[in-house]
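Numbering (our numbering), first residue to last: 187 to 272. Think of the CB as a built atom: it goes at the ideal place given N, C-alpha and C, for glycine as much as any other residue. Just so it is clear, the structure is predicted and the values come from calculations on it, not from any experiment. Following: one structure in structure tokens, then a few remarks.
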Amino acid sequence: RKAEKEKREKILEQRRILEERELKLKEELEEEKKKLEEEFKLKKEEALKKAEKGADLIEKRAKERYKEALDFVIRKVLLENGDRKD
Numbered sequence: 187r188k189a190e191k192e193k194r195e196k197i198l199e200q201r202r203i204l205e206e207r208e209l210k211l212k213e214e215l216e217e218e219k220k221k222l223e224e225e226f227k228l229k230k231e232e233a234l235k236k237a238e239k240g241a242d243l244i245e246k247r248a249k250e251r252y253k254e255a256l257d258f259v260i261r262k263v264l265l266e267n268g269d270r271k272d
């Protein structure tokens, strides 16, 4: 009987150790998950900022091209009308 009791206690101790390890691993996994989610969030924000910056640059260039084209058309019309010589 004493041997059975010791065996049972040993099994219970091993089970307790395994449960503690499992809990620790779950906590570590959850912590790693949070880190990855935060990293993903930061990278997503960075990508969005870059995209916005790129869109702003494209819009600025488009406005510049439009202004250049408009200036060209105005000069051409003025030249055709003889009002201005370039």
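Checklist entry - CB-CB under 6 Å to E225, same chain, minus the five flanking residues each way: which ones, in chain order? => result none
Next on the checklist: According to DSSP, is R247 part of a helix, a strand, or is it coil?
Outcome noted: The answer is helix: DSSP assigns R247 an H, G or I state.
Checklist entry - Mapping DSSP to helix, strand and coil, what is R187? => result coil
Next on the checklist: Measuring only the C-alpha atoms, how far is L256 from L234?
Outcome noted: 32 Å
Checklist entry - Cα separation between K227 and L215? => result Their Cα atoms are separated by approximately 18 Å.
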